[in-house]
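Only one structure is covered here, and it is reproduced in the block below.
Chains as they are written, first to last, in the working numbering: chain V, 40 to 289; chain D, 246 to 348.
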């Protein structure tokens with residue numbers, strides 16, 4: 040589904056990603072961990088198409104096609120979803136209106152007719168139940184005045200509505216209490232199928248108690264320096280990142 | 246009005262900037278003939294953020310549609326207070342002026 044080959048990315052002449060390789064197949068859940076400033080969020084933003092970063096080398100194939108050539112909205116329509124670390128507020132634009140526009144753009148891309156108002160509201164009700172979101176949240180403006188936890192839950196709700204093929208969650212778990220964490224994890228687990236894949240970027244092993252990853256990777260200084268199974272996350276929790284840094288530098 | 250004791254006013258000017266080649270100039274002018282009046286004026290200027298556009302893009306909404314959505318959201322509070330026929334007209338006008346406003 041996703042193949043990243045020797046990816047190099049810089050911002051303002053500073054290289055952040057320094058030759059990164061990763062392959063994600065359908066049905067897999069990958070966790071990317073790593074210390075602050077190692078390039079985790081940059082990777083997520085580049086995959087989603089944020090233009091403030093400059094790709095200086097390497098290739099990214101998504102379903103066999105060059106991902107980096109596509110506009111951000113094209114990537115989204117082809118099923119790539121980014122759960123934002125800091126979801127953006129859009130005052131005055133209701134969640135209903137925002138999501139209706141997004142869902143119908145997606146349907147247009149797939150050659151489907153736009154949903155009627157009643158079908159759309161029905162879909163919203165179902166998905167809200169799935170992610171245990173309170174109804175008042177969707178009547179408000181996009182992320183405006185939401186608490187940190189509400190914003191993150193709202194990302195998962197949007198993910199449930201858009202049913203992506205590849206979901207990239209950028210530290211969706213940070214700042215969440217244990218209940219919200221469970222809801223976020225539940226959303227990811229619900230989405231999991233043979234046709235979809237997720238990349239979960241996280242600081243803490245905690246989230247991986249709820250989302251069982253097939254692979255855990257450590258991103259350090261712009262490269263994936265270590266990959267393993269779930270045990271690697273436990274080892275990191277216990278021993279921290281120092282030994283990884285020493286290993287990578289020696 | 247001279248006879249209006251304890252008159253109360255509040256005027257608000259909010260400007261939303263589109264693109265980097267524009268500015269907003271507001272010249273509020275309030276005249277009172279009665280010294281018991283309380284008058285207020287408030288002005289804000291804001292800009293559509295690149296991160297707001299990117300957020301919409303990431304959900305599959307093209308930039309031009311995203312700007313329409315954001316501007317309509319911004320103006321909604323006022324548009325909602327207009328009589329129906331004006332509101333529809335105003336919304337259409339917004340749509341027209343926004344066409345081609347992004348490269």
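Backbone N, C-alpha and C define an ideal beta-carbon position, used for all residues, glycine too. If you're wondering where the values come from, they're calculated on a predicted model, not measured in any experiment.
Check: Any heavy atom of the ligand HEM inside 8 Å of the beta-carbon of residue 64 of chain V?; Outcome: For the ligand HEM, the structure offers nothing, since it holds no ligand at all.
Check: For chain V, is any of its Cβ atoms less than 9 Å away from the one on residue 340 of chain D?; Outcome: no
Check: Would you mind working out which of D:257, D:312, D:338 and D:327 sits nearest residue 284 of chain D, comparing C-alpha positions?; Outcome: D:257
Check: Relative to chain V, which residues along the stretch 284-308 of chain D have a C-beta separation below 7 Å, given in chain order?; Outcome: 296, 297, 299, 300, 302, 303, 304, 305, 306 and 307
Check: If you follow the alpha helix (DSSP H) that residue 313 of chain D is part of, which residue opens it and which one closes it?; Outcome: 308-324
Check: Do you know offhand how far residue 236 of chain V's Cα is from residue 230 of chain V's?; Outcome: 9 Å
Check: Fully enclosed by the stretch 148-208 of chain V, which alpha helix (DSSP H) runs are 4 residues long or longer?; Outcome: 156-169, 174-178 and 187-201
Check: Run through chain D and tell me which residues come within less than 8 Å of residue 130 of chain V, C-beta to C-beta.; Outcome: 318 and 319
Check: Under a Cβ-count criterion, where at least 16 other Cβ atoms within 10 Å of its own Cβ denotes burial, should residue 273 of chain D be classed as buried or exposed?; Outcome: exposed
Check: From this set, V:205, V:261 and V:158, which residue's C-alpha is nearest residue 82 of chain V's C-alpha?; Outcome: V:261
Check: By Cβ distance below 6 Å, which residues in the same chain neighbour residue 195 of chain V in space, the five residues on each side in sequence not counted?; Outcome: 170, 223 and 226
Check: Taking Cβ positions, are residue 41 of chain V and residue 99 of chain V nearer each other than 9 Å?; Outcome: yes
Check: Smallest Cα separation from residue 265 of chain V: which of V:59, V:251 and V:91?; Outcome: V:59
Check: Residues of chain D with CB closer than 7 Å to the CB of residue 121 of chain V, please, in chain order.; Outcome: 303
Check: Could you tell me whether any Cβ in chain V is nearer than 9 Å to the Cβ of residue 315 of chain D?; Outcome: yes
Check: Which of the three DSSP states is assigned to residue 94 of chain V in this structure?; Outcome: strand
Check: Could you give the uninterrupted runs of the alpha helix (DSSP H) lying entirely in the stretch 209-233 of chain V, keeping only those of 4 residues or more?; Outcome: 217-230
Check: In chain V, which residues lie with their C-beta within 9 Å of the C-beta of residue 322 of chain D?; Outcome: 131
Check: Which residues of chain D have a Cβ atom closer than 7 Å to the Cβ of residue 127 of chain V, listed in chain order?; Outcome: 296, 297 and 300
Check: By the three-class DSSP mapping on this structure, what secondary structure does residue 120 of chain V have?; Outcome: strand
Check: Listed in chain order, which residues of the stretch 182-210 of chain V have Cβ atoms closer than 8 Å to some Cβ of chain D?; Outcome: 197 and 201
Check: If you reduce the DSSP assignment to three classes, tell me which class residue 254 of chain V lands in.; Outcome: strand
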